[in-house]
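Step one of this worksheet: look at the structure below.
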Amino acid sequence: MKTPHFQQVAIIGVGLIGGSLGMILRRHHVADSVVGIGRRVENLKTAVEVGAIDRYVSDPREGVEGADFVLLATPVDTYERHLQEWAGCLKPGTIVSDVGSVKGALVTRSEALLPSAVKFVGAHPIAGKEKTGVAAGSETLFSGARCILTPTTKTDPEALQIVRAIWELAGSIVLEMDPFLHDKILGAVSHLPHVAAFALMTALADVRDHGVPELDLAGHSGGGLRDTTRIAASSPEMWRDIFLWNRDNVVSLIETYERHLGELKRLIAAGDAAGIEKQLDKAKHEREQLTLKTPRKA
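Heads up: the sequence shown at position 265 corresponds to 265 in full-length UniProt numbering, and the numbers run straight through without jumps.
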């Protein structure tokens with residue numbers, strides 16, 4: 001499909017992801033006008049300065065009116081409130097998409113809240129940085145990264161192809177997946193690692209504060225701690241919502257992780273050198289396979 005063209009694009013939540021896509025849309029002249037919508041005027045002014053949007057408004061109903069394409073790039077827990085506020089202002093044929101890390105029930109709920117003449121396509125670009133905000137945005141953020149589209153039986157085929165074309169223009173490798181399967185898979189490869197990183201940092205802080213006050217995490221750590229906990233610097237607000245919206249999968253995965261952590265604890269406590277080595281060797285093999293197969297860090 002050729003690159004689509006819109007008279008007006010509205011981006012709700014002009015942060016790292018929304019802002020980066022805005023930069024790409026403007027650079028490739030995909031839209032006559034890109035309107036930013038957000039709650040912080042200073043951030044929106046920065047978005048204009050860095051070329052992510054052409055102009056901004058604070059009232060989302062004003063921003064989406066007349067838009068051909070609306071990108072919802074706010075925390076996933078805000079979707080319902082947003083759609084209830086401005087869905088009725090959308091013109092027939094408008095495409096609404098998102099960038100949320102959770103799909104499943106969120107896609108189902110979004111479809112139900114939109115007028116029947118409006119087309120929704122769920123999307124999840126798997127790209128990001130620890131730094132947030134539009135100032136950290138980049139036209140190359142999505143280059144080589146995967147973007148998962150999550151169509152349902154209600155998804156308009158033409159709208160799906162248009163959203164695919166947008167993300168391919170951004171340089172993404174586009175995949176399609178059932179929204180509920182998406183949440184199971186991303187729960188394992190993304191949500192659980194974030195749980196582990198957040199929990200490890202709070203555990204180390206607990207050791208420092210209540211057991212070893214001489215422990216200087218920054219001064220005493222090497223690359224291992226930094227590599228293992230890099231993603232713990234991610235947005236608490238965003239990850240709170242992801243964990244809650246995917247709670248069933250996340251809780252089940254945490255239980256699996258706890259089982260394996262408990263087994264390693266048992267082997268160490270028992271002084272079982274052979275058992276420990278077997279567990280570590282298995283983990284090493286899986287990590288080597290991951291390195292071979294992963295196209296890029298996200």
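Just so you know, even glycine gets a beta-carbon here, dropped at the ideal spot from N, CA and C. Quick caveat, the model's predicted, so the values are computed rather than measured.
Taking the C-beta atoms as reference points, Leu72 is found no nearer than 8 Å to Ile126. The alpha helix (DSSP H) runs of length 4 or more contained entirely in the region 184-232 are, from start to end of the chain, 192-210, 217-220 and 223-229. DSSP, reduced to helix, strand and coil, places Asp241 within a helical segment of the structure shown.
By the C-beta density criterion, Gln7 is exposed, having fewer than 16 other C-beta atoms within 10 angstroms. Under DSSP, Phe69 takes part in a beta bridge, and its partners are Val9 and Ile95. The Cβ atoms of Val134 and Ala10 lie no closer than 8 Å to each other. Secondary structure note for Leu90: it is in no alpha helix (DSSP H), with a DSSP letter that is neither H nor E. The DSSP assignment places complete beta strand (DSSP E) segments of no fewer than 3 residues inside the region 22-78 at 31-37, 55-57 and 69-72, in order along the chain.
Note on Thr155: 16 or more other CB atoms within 10 angstroms of its CB, so buried under the neighbour-count rule. In this chain, the beta strand (DSSP E) harbouring Lys119 covers Lys119 to Val121. With respect to the 8 Å criterion, Thr74 and His82 are classified as neighbours on the basis of their beta carbons.
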